[in-house]
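Trainee:
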Amino acid sequence: MSLLNLTIAQAGAALAAKKFSAVELTAAHNAAIAALNPRLNAYITTTPALALAQAQAADARIAAGTAGPLTGIPLAIKDLFCTAGVRTTAASKILEPFVPPYESTVTRQLLEAGTICLGKANLDEFAMGSSNITSGYGPVENPWKRNGSDAKLVPGGSSGGSAAAVAARLALGATGTDTGGSIRQPASFTGLAGIKPTYGRCSRYGIVAFASSLDQAGPMARTVEDCAILLGAMSGFDPHDSTSAERAVPDFGAALGRGVKGLRIGIPAEYRMDGMSGEISALWEKGVAWLREQGAEIVDISLPHTKYGLAVYYIVAPAEASSNLARYDGVRFGARVDGEDLIDMYERTRAAGFGSEVKRRIMIGTYVLSHGYYDAYYLKAQKVRNLILRDFNNAFEKVDAILTPTAPSAAFGLGEKMDDPVTMYLNDVFTVPASLAGVPAMSIPAGLSAEGLPLGLQVIGKHFDEETVFAVSAALERAAGFTAMPSVRAE
Amino acid sequence: MSLDSATVRRIAKLARIRVDDAEVGVLQTELNAILGYVDQLNEVNVEGVAPLSGGAQMAMRLREDTVTDGEQAENILANAPDRVGQFFAVPKVVE
Numbered sequence: 078m079s080l081l082n083l084t085i086a087q088a089g090a091a092l093a094a095k096k097f098s099a100v101e102l103t104a105a106h107n108a109a110i111a112a113l114n115p116r117l118n119a120y121i122t123t124t125p126a127l128a129l130a131q132a133q134a135a136d137a138r139i140a141a142g143t144a145g146p147l148t149g150i151p152l153a154i155k156d157l158f159c160t161a162g163v164r165t166t167a168a169s170k171i172l173e174p175f176v177p178p179y180e181s182t183v184t185r186q187l188l189e190a191g192t193i194c195l196g197k198a199n200l201d202e203f204a205m206g207s208s209n210i211t212s213g214y215g216p217v218e219n220p221w222k223r224n225g226s227d228a229k230l231v232p233g234g235s236s237g238g239s240a241a242a243v244a245a246r247l248a249l250g251a252t253g254t255d256t257g258g259s260i261r262q263p264a265s266f267t268g269l270a271g272i273k274p275t276y277g278r279c280s281r282y283g284i285v286a287f288a289s290s291l292d293q294a295g296p297m298a299r300t301v302e303d304c305a306i307l308l309g310a311m312s313g314f315d316p317h318d319s320t321s322a323e324r325a326v327p328d329f330g331a332a333l334g335r336g337v338k339g340l341r342i343g344i345p346a347e348y349r350m351d352g353m354s355g356e357i358s359a360l361w362e363k364g365v366a367w368l369r370e371q372g373a374e375i376v377d378i379s380l381p382h383t384k385y386g387l388a389v390y391y392i393v394a395p396a397e398a399s400s401n402l403a404r405y406d407g408v409r410f411g412a413r414v415d416g417e418d419l420i421d422m423y424e425r426t427r428a429a430g431f432g433s434e435v436k437r438r439i440m441i442g443t444y445v446l447s448h449g450y451y452d453a454y455y456l457k458a459q460k461v462r463n464l465i466l467r468d469f470n471n472a473f474e475k476v477d478a479i480l481t482p483t484a485p486s487a488a489f490g491l492g493e494k495m496d497d498p499v500t501m502y503l504n505d506v507f508t509v510p511a512s513l514a515g516v517p518a519m520s521i522p523a524g525l526s527a528e529g530l531p532l533g534l535q536v537i538g539k540h541f542d543e544e545t546v547f548a549v550s551a552a553l554e555r556a557a558g559f560t561a562m563p564s565v566r567a568e
Numbered sequence: 004m005s006l007d008s009a010t011v012r013r014i015a016k017l018a019r020i021r022v023d024d025a026e027v028g029v030l031q032t033e034l035n036a037i038l039g040y041v042d043q044l045n046e047v048n049v050e051g052v053a054p055l056s057g058g059a060q061m062a063m064r065l066r067e068d069t070v071t072d073g074e075q076a077e078n079i080l081a082n083a084p085d086r087v088g089q090f091f092a093v094p095k096v097v098e
């Protein structure tokens, strides 16, 4: 029996039934990572010894009868989550020497649930990117290939290492973070399920901050059910995060079997964009048909400010980033480059430590917040953001969930879409609006492109109604019957 | 609005990022492409619309103004690039 090609639910049941031990499961993953990670570069840092020690503790819990559904489950942790005693880089050279003295709330809760940390997954530098090519530790190779081609494709981003690790069977699941699509787009590019929950559902404490009003943690896994199990452990109120929601965590798994009978599913006209590929719109139609066949009512809706989402995002996110990243000055932690005086030291440290995409975004953010331009850019963007939120609130008076494609294309090649920053930004056109509104959204693998690459559909729900998102996603997953696997994977 | 090279240098200064002369032109082109793209927001009528600053659907939570943590100097200084005793060390600021 392969210990690598299991869902989290299957592995949890097998561990509980003592068919294999957490140590065996972890050792198999450590070996797979040692064999494949040098090629895929999905992990920046691997922690095989820590993982085995955690696995021994998990086995002890299982033997003592105090295990939960995640005890002994090996995960990849995006290298944006602070992990006590384990280097955390945010894929930036400026954090190369940084070893956090504390644990993020999300990973602490996962450790308390008994999960195993296999290592820290690669990402775009400070989570700024849609292809994982901005990482200061090298790009990640997507384990999927186009039919009959060996060309390297990107895994999406920013949670590209998390996505590649889970798709290539180098972890059973992973944590991701999503600021404008960073869980959903890589999930779509690698044939995985991934959910960005409602803003406030998961604590941001200990997650390296990019754009604080948008950043949300969430799980990535091979099934919708696995995401529900992981999200349950990751969620919950945390007094350390001032925007953490004081709400009980529902039993997400219980929502999976609800079905969609009687649910109203909105299809937003504005997502049918000029130049959308025939493949993507055909997949969307298929998703509509699957939900209709299972008893959902399909409702045409309008989200009139959709087309402005990206423009709002590329003001708000850099503005917040320019403020959040001011802390990297070479004084208290991280790398330092010496200079003639203090200012010169700051400037040299930041010039050497940040990559070009991060510098661009800090500078855009600095500009839109600067005296004389604040009203024209930042304030204006915040007002349009409110209109985007209103669009969703109006739509959710008529529908229970919204169905859209996740991304405008399948995974693209390393080196493609590099002509200018704006071309790359268009990847996030379908995912950014839900981030701006703070509503939960999930990508599920729904089919393959003509070239044999996975394509995802996105389900968007009301604030704090992840349960309906899970119910609709599970229904789509059942209908899609997606069983394809990437050609590069551990056996 | 289009940025000239002097403005690019000024932004870099504000952002505390050292920019070489050779980089200014590239940054100018890239930043102008992004600003050109976001200019489409000028089409939107936002008359009477309040700005939305955050994703949270709630008021900011307050807590008692009391000390909840501390006495962790070694933990905090462990990551310092340079230190002297219990202090972060930086290049001389005052002559």
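Residue numbers (this note's numbering), protein chains in the order written: chain A, 78 to 568; chain B, 4 to 98. Ideal placement from N, C-alpha and C gives every residue a C-beta, glycine not left out. All values derive from a computational prediction rather than experimental measurement.
Return the residue from the list A:526, A:546 and A:540 that minimises the CA-CA distance to residue 561 (chain A).
Mentor: Counted from its first residue, the first sequence places residue 561 (chain A) at position 484. Cα-wise, what sits closest to residue 561 (chain A) is A:526.
Trainee: Whole-angstrom Cβ separation of residue 348 (chain A) and residue 256 (chain A), contact assumed at under 8 Å?
Mentor: Residue 348 (chain A) sits at position 271 when you count from the first residue of the first sequence. Residue 256 (chain A) sits at position 179 when you count from the first residue of the first sequence. Not quite, the Cβ-Cβ distance comes to about 20 Å (not below 8 Å), so this is no contact.
Trainee: Using a Cβ-Cβ cut-off of 9 Å, state whether residue 466 (chain A) counts as contacting chain B.
Mentor: Taking the first sequence and counting its residues from 1, the one referred to as residue 466 (chain A) is at position 389. It does: the Cβ of residue 466 (chain A) has a partner Cβ on chain B nearer than 9 Å.
Trainee: Do the segment 201 to 214 of chain A and the segment 454 to 467 of chain A meet, that is, are 3 or more Cβ pairs less than 8 Å apart?
Mentor: Because the criterion of three Cβ pairs below 8 Å is not met, the segment 201 to 214 of chain A and the segment 454 to 467 of chain A do not touch.
Trainee: CB-CB under 8 Å to residue 413 (chain A), same chain, minus the five flanking residues each way: which ones, in chain order?
Mentor: Locating residue 413 (chain A) in the first sequence gives position 336, where the first residue counts as 1. The residues are 407, 422 and 426.
Trainee: What does DSSP give as the partner residue(s) for residue 250 (chain A) in the beta ladder?
Mentor: Locating residue 250 (chain A) in the first sequence gives position 173, counting from the first residue. DSSP lists A:152 and A:298 as partners of residue 250 (chain A).
Trainee: On the CB-based measure, 16 or more other CB atoms within 10 Å of its CB, does residue 259 (chain A) come out buried or exposed?
Mentor: Residue numbering aside, residue 259 (chain A) sits at position 182 when the first sequence is read from its first letter. By the neighbour-count rule (16 or more Cβ atoms within 10 Å), residue 259 (chain A) is buried.
Trainee: Spell out a yes or no on whether the segment 261 to 275 of chain A and the segment 180 to 191 of chain A are touching, meaning 3 or more CB-CB pairs, one atom from each, closer than 8 Å.
Mentor: no
Trainee: DSSP beta-bridge partners for residue 255 (chain A)?
Mentor: Mapped onto the first sequence, residue 255 (chain A) falls at position 178. Answer is A:293, bridged to residue 255 (chain A).
Trainee: Output the boundary residues of the beta strand (DSSP E) element that contains residue 19 (chain B).
Mentor: The residue labelled residue 19 (chain B) in the question sits at position 16 within the second sequence. That residue, residue 19 (chain B), is in no beta strand (DSSP E); it is neither H nor E in DSSP.
Trainee: With DSSP run on the structure shown, which of helix, strand or coil describes residue 260 (chain A)?
Mentor: As a first step, residue 260 (chain A) is located in the first sequence; it is residue number 183 there, counting from the start. Correct three-state label for residue 260 (chain A): coil.
Trainee: At a threshold of 8 Å, does residue 104 (chain A) count as lining the ligand HEM (C-beta to nearest heavy atom)?
Mentor: No copy of the ligand HEM occurs in the structure displayed, which carries no ligand at all.
Trainee: Hey, is residue 518 (chain A)'s beta-carbon within less than 9 Å of any beta-carbon in chain B?
Mentor: As a first step, residue 518 (chain A) is located in the first sequence; it is residue number 441 there, counting from the start. No - not a single Cβ of chain B is within 9 Å of the one on residue 518 (chain A).
Trainee: Starting from residue 91 (chain B), find everything on chain A with Cβ-Cβ shorter than 8 Å and list it in chain order.
Mentor: One-based indexing of the second sequence puts residue 91 (chain B) at position 88. Per Cβ cutoff of 8 Å: 408 and 409.
Trainee: Does the Cβ-Cβ distance between residue 507 (chain A) and residue 394 (chain A) come in under 9 Å?
Mentor: Translated into positions along the first sequence, residue 507 (chain A) becomes position 430. Translated into positions along the first sequence, residue 394 (chain A) becomes position 317. No, the pair does not count as a contact, with Cβ atoms beyond the cut-off.
Trainee: When you check each C-beta in the segment 61 to 77 of chain B against every C-beta of chain A, which residues fall closer than 8 Å?
Mentor: 61, 63, 64, 66 and 75
Trainee: Residue 466 (chain A) by DSSP, collapsed to three states: which one?
Mentor: Position 389 of the first sequence holds residue 466 (chain A). Note: residue 466 (chain A) maps to helix in three-state DSSP.
Trainee: How would you label residue 32 (chain B), buried or exposed, when you count the other beta carbons within 10 angstroms and need 16 or more for buried?
Mentor: On the second sequence, residue 32 (chain B) is found 29 positions in, with the first residue counted as 1. Flag for residue 32 (chain B) reads exposed.
Trainee: According to DSSP, is residue 266 (chain A) helix, strand or coil?
Mentor: Here the question's residue 266 (chain A) lines up with position 189 in the first sequence. Note: residue 266 (chain A) maps to helix in three-state DSSP.
Trainee: Which chain B residues sit within Cβ distance under 7 Å of residue 290 (chain A)?
Mentor: As a first step, residue 290 (chain A) is located in the first sequence; it is residue number 213 there, counting from the start. Here the neighbours are 56, 57 and 58.
Trainee: Name the chain B residues whose beta carbon is nearer than 7 Å to that of residue 461 (chain A)?
Mentor: Locating residue 461 (chain A) in the first sequence gives position 384, counting from the first residue. Within 7 Å Cβ-Cβ: 44, 47 and 49.
Trainee: So the candidates are A:384, A:446 and A:157; which of them puts its Cα closest to the Cα of residue 43 (chain B)?
Mentor: For the purposes of this step, residue 43 (chain B) is taken as the residue at position 40 of the second sequence. Considering only alpha carbons, the answer is A:384.
Trainee: Thinking C-alpha only, which one of A:492, A:512, A:483 and A:515 is nearest residue 504 (chain A)?
Mentor: Residue 504 (chain A) sits at position 427 when you count from the first residue of the first sequence. Selected option, being the one with the closest Cα: A:483.
Trainee: Taking contact to mean 3 or more Cβ pairs, one atom from each stretch, closer than 8 Å, check whether the segment 227 to 244 of chain A and the segment 127 to 143 of chain A are in contact.
Mentor: no
Trainee: Run through chain B and tell me which residues come within less than 7 Å of residue 237 (chain A), C-beta to C-beta.
Mentor: For this step, residue 237 (chain A) is matched to residue 160 along the first sequence. Under the 7 Å cutoff, chain B gives no residues; its nearest Cβ is about 22 Å from residue 237 (chain A).
Trainee: Any C-beta of chain B within less than 8 Å: which residues of the segment 116 to 143 of chain A qualify?
Mentor: none
Trainee: Per DSSP, residue 531 (chain A) forms a beta bridge with which residues?
Mentor: Position 454 of the first sequence holds residue 531 (chain A). Paired residues: A:525.
Trainee: Could you check the C-alpha separation between residue 38 (chain B) and residue 390 (chain A) for me, to the nearest Å?
Mentor: Here residue 38 (chain B) refers to the residue found at position 35 of the second sequence. Here residue 390 (chain A) refers to the residue found at position 313 of the first sequence. Taking the straight line joining both Cα atoms gives about 12 Å.
Trainee: For the 8 Å Cβ check, are there 3 or more pairs between the segment 158 to 173 of chain A and the segment 63 to 71 of chain B?
Mentor: no
Trainee: Less than 9 Å separating the beta-carbons of residue 265 (chain A) and residue 513 (chain A)?
Mentor: The sequence position of residue 265 (chain A) within the first sequence is 188, counting from 1. The sequence position of residue 513 (chain A) within the first sequence is 436, counting from 1. No, Cβ-Cβ distance for residue 265 (chain A) and residue 513 (chain A) is not below 9 Å.
Trainee: I want to see whether chain A comes within less than 9 Å of residue 9 (chain B), judged by CB atoms only; does it?
Mentor: Position 6 of the second sequence holds residue 9 (chain B). Chain A contact via Cβ: absent.
Trainee: Quick test of your reading: residue 284 (chain A) and residue 92 (chain A), contact by CB under 8 Å. State the CB separation rounded to the nearest angstrom.
Mentor: To locate residue 284 (chain A), count along the first sequence from 1; it is residue 207. To locate residue 92 (chain A), count along the first sequence from 1; it is residue 15. The pair is not a contact, with the Cβ atoms about 28 Å apart (cut-off 8 Å).
Trainee: Report the three-state DSSP secondary structure of residue 545 (chain A) (helix, strand or coil).
Mentor: Within the first sequence, the letter at position 468 stands for residue 545 (chain A). Looking at residue 545 (chain A) - three-state DSSP - the assignment turns out to be helix.
Trainee: Going by CA-CA distance only, name the one from A:306, A:319, A:321 and A:486 that's closest to residue 331 (chain A).
Mentor: The sequence position of residue 331 (chain A) within the first sequence is 254, counting from 1. Comparing Cα positions, the closest option is A:306.
Trainee: If you reduce the DSSP assignment to three classes, tell me which class residue 417 (chain A) lands in.
Mentor: To locate residue 417 (chain A), count along the first sequence from 1; it is residue 340. In the structure shown, residue 417 (chain A) adopts coil according to DSSP, grouped into three states.
Trainee: Under 8 Å: do the segment 322 to 337 of chain A and the segment 550 to 561 of chain A share three or more Cβ pairs, one atom per stretch?
Mentor: yes
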